[in-house]
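Residue numbers (my numbering): -10 to 126.
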């Protein structure tokens, strides 16, 4: 759970010194005193930290998917699916698709920032235009 998520974030940040520096600068600006605690209020002022967490979880998802039970009889692509059937939605594959996330193997927290409109420092789109930013969260 949370220890795996923390390990994923730390690994991604450690492998990307430029991103690490940008995150450090944001943290020092919002929390200049090393004894300050994270609060809901100061987390609102840490968009790059939130973006780093989302991007790390995109690369290293905690779960491979979701299981749901159909609430009614339905037809999917011509196949009859009776009510009560368990359906596995393998959501860990979507974040690795270049169709949805250009350069999917790269740690690019900027794709989650609202202000950048999902554009990297070099001007390249890093999130497909027709994709909801919450596709894998």
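Beta carbons: idealized from backbone N, C-alpha and C, even for Gly. This structure is a prediction, so every number in the text was calculated from the model and none was measured.
Contact test: residue i Cβ vs the ligand NAD heavy atom, cutoff 8 Å
i: residue 79; result: The ligand NAD is absent from the structure shown, which contains no ligand whatsoever.
Cα-Cα separation, residue i to residue j
i: residue 87; j: residue 78; result: 19 Å
i: residue 13; j: residue 56; result: 38 Å
i: residue 8; j: residue 2; result: 7 Å
i: residue 49; j: residue 17; result: 26 Å
i: residue 125; j: residue 61; result: Note that residue 125 scores 49 on pLDDT, short of 50, meaning its location in the model is unreliable; the coordinates nonetheless yield the value given after this. The alpha-carbon atoms of residue 125 and residue 61 are separated by roughly 25 Å.
i: residue 102; j: residue 37; result: 7 Å
i: residue 52; j: residue -10; result: 9 Å
i: residue 5; j: residue 97; result: 9 Å
i: residue 82; j: residue 31; result: 33 Å
i: residue 28; j: residue 64; result: 47 Å
i: residue -3; j: residue 15; result: 20 Å
Continuous beta strand (DSSP E) stretch holding residue i: start and end
i: residue 76; result: 75 to 78
i: residue 55; result: 55 to 58
i: residue 63; result: 63 to 65
8 Å CB neighbourhood of residue i in its chain, flanking five on each side removed
i: residue 105; result: Reliability fails at residue 105, whose pLDDT of 49 lies under 50, so the model's placement of it is uncertain and the value that follows must be treated cautiously. Answer for residue 105: 99, listed in chain order.
i: residue 10; result: none
i: residue -7; result: 49 and 51
i: residue 21; result: none
Start and end residues, alpha helix (DSSP H) containing residue i
i: residue 81; result: Looking at the DSSP string, residue 81 is not in any alpha helix (DSSP H), and its letter there is neither H nor E.
Nonlocal neighbours in the same chain, by C-beta distance under 6 Å from residue i, ignoring five residues either side
i: residue 93; result: 85 and 87
Expected contact under 8 Å - CB spacing of residue i and residue j to nearest Å
i: residue 58; j: residue 80; result: Actually they do not touch by this definition, with Cβ atoms about 17 Å apart.
i: residue 19; j: residue 35; result: 6 Å
Residues near residue i in its chain [Cβ-Cβ closer than 7 Å; skip 5 each side]
i: residue 72; result: 59, 60, 61 and 62
When the Cβ atoms of the stretch 41 to 49 are set against those of the stretch 66 to 81, are three or more pairs found closer than 8 Å? These segments do not touch.
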